[in-house]
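Just so you know, the working numbering puts 294 at position 46 of the sequence shown, and the rest follows in order with no gaps.
C-beta: ideal position from N, C-alpha, C; glycine also.
Computed from a predicted model, the values in this text were never measured in an experiment.
These notes concern the structure reproduced below.
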Amino acid sequence: MKLNNKEFIKNLNQNYIFENNPNIAIGVSGGPDSMALLFLLNQWTKINKGTLVALIFDHRIRKENFEESKIIKDYLNKFKINSYIIRASKNNVIKQNMTEARANRFRGLVNYCKKKQILHLFLAHHYDDNIETFLTRKVSGSNLEGLACMSNISYRNNIQVLRPLLNFSKKNIL
249 MKLNNKEFIK NLNQNYIFEN NPNIAIGVSG GPDSMALLFL LNQWTKINKG
299 TLVALIFDHR IRKENFEESK IIKDYLNKFK INSYIIRASK NNVIKQNMTE
349 ARANRFRGLV NYCKKKQILH LFLAHHYDDN IETFLTRKVS GSNLEGLACM
399 SNISYRNNIQ VLRPLLNFSK KNIL
């Protein structure tokens with residue numbers, strides 16, 4: 249299925265429930281997946297008279313991270329998209345590996361939503377990410393429960409984490 253505004257809105261309205269005038273956040277890396285989701289959500293929030301904030305996470309692993317985050321923020325400002333840069337706590341950057349970076353990012357995004365009373369956090373994981381997660385867990389020897397991969401809806405600290413692109417392949421997103 250091709251990803252376009254019409255299919256996205258149909259998917260969102262059929263599979264998720266939101267309050268009137270929803271207040272939502274999206275984790276944005278600057279890559280094509282999160283940028284596609286961001287621009288689709290930007291249109292959706294306008295239709296639904298909601299608010300949107302793009303959350304850009306600075307992992308503090310490389311010295312260029314903060315500058316890259318500012319470039320994304322400046323780009324989004326051109327489209328009048330509200331954005332905020334979240335920086336990893338220096339105390340949480342110890343091992344500087346992908347597992348730690350992923351945990352820091354997720355914690356930072358959820359904590360921001362909690363603090364700002366945002367109920368819905370969108371992430372741009374897609375079908376290919378889910379297959380990769382399954383294969384990685386299979387190779388690592390996960391049990392049946394561990395092989396379940398990512399779900400469209402999950403909850404963390406009373407924040408609804410939504411992954412509406414899980415039915416779309418990377419190719420269809422591009």
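Straight-line Cα distance separating residue j from residue i
| i | j | result |
| --- | --- | --- |
| Pro412 | Ile265 | 12 Å |
| Asn405 | Asn269 | 22 Å |
| Ile329 | Lys258 | 23 Å |
| His285 | Asn263 | Sequence check: residue 285 is Leu here, not His. Approximately 16 Å between the Cα atoms of the pair. |
| Leu289 | Lys311 | 31 Å |
| Lys508 | His373 | The question about residue 508 has no answer, for the chain in this structure spans 249 to 422. |
| Leu392 | Ser399 | In this prediction, Leu392 has a pLDDT of 49, which is less than 50 and means its spatial position is unreliable; what the coordinates show is noted afterwards. Looking at the two C-alpha atoms, the distance is approximately 15 Å. |
| Gly278 | Leu260 | 22 Å |
| Glu348 | Lys326 | 32 Å |
| Glu316 | Met283 | 15 Å |
| Gln291 | Phe256 | 10 Å |
| Leu395 | Arg355 | With a pLDDT of 40 at Leu395, under the threshold of 50, the modelled position of that residue is not reliable, and no figure is offered here. |
| Leu414 | Tyr403 | 16 Å |
N-terminal and C-terminal residue of the beta strand (DSSP E) that residue i is part of
| i | result |
| --- | --- |
| Asn263 | Note, Asn263: premise wrong, no beta strand (DSSP E); alpha helix (DSSP H) at 253 to 263. |
| Ile320 | Not the beta strand (DSSP E): Ile320 falls in the alpha helix (DSSP H), residues 313 to 326. |
| Phe305 | 299 to 306 |
| Leu369 | 368 to 370 |
| Ile208 | With the chain covering only 249 through 422, there is no way to say anything about residue 208. |
| Leu410 | 407 to 410 |
| Ser402 | 401 to 404 |
Boundaries (first-last residue) of the alpha helix (DSSP H) holding residue i
| i | result |
| --- | --- |
| Ile295 | 280 to 295 |
| Ile421 | 418 to 421 |
Near the ligand ADP: residue i beta-carbon under 6 Å from a heavy atom
| i | result |
| --- | --- |
| Asn263 | Only the bare structure without any ligand can be found here, which leaves the ligand ADP out of the picture. |
Whole-Å CB distance - residue i paired with residue j, under 8 Å assumed
| i | j | result |
| --- | --- | --- |
| Ala273 | Ile366 | 5 Å |
| Ile295 | Ile333 | That pair is no contact at about 27 Å. |
| Cys361 | Ile407 | 5 Å |
| Asp281 | Ile421 | 6 Å |
| Leu369 | Leu410 | 7 Å |
Contact set for residue i: own chain, Cβ-Cβ below 6 Å, skip 5 residues either direction
| i | result |
| --- | --- |
| Ala336 | His307, Arg308, Asn352 |
| Gly275 | Leu303, Leu357, Leu371 |
8 Å Cβ shell around residue i - same chain, five flanking residues per side excluded
| i | result |
| --- | --- |
| Lys318 | Ile333 |
| Thr293 | Pro270, Ile272, Thr299, Leu300 |
| Glu267 | Leu367 |
| Ser239 | The question about residue 239 has no answer, for the chain in this structure spans 249 to 422. |
- Query: Does the region 295 to 308 come close enough to the region 249 to 256 to have 3 or more Cβ pairs within less than 8 Å?
  - Reply: The way I'd put it, the region 295 to 308 doesn't touch the region 249 to 256; fewer than three beta-carbon pairs between them come closer than 8 Å.
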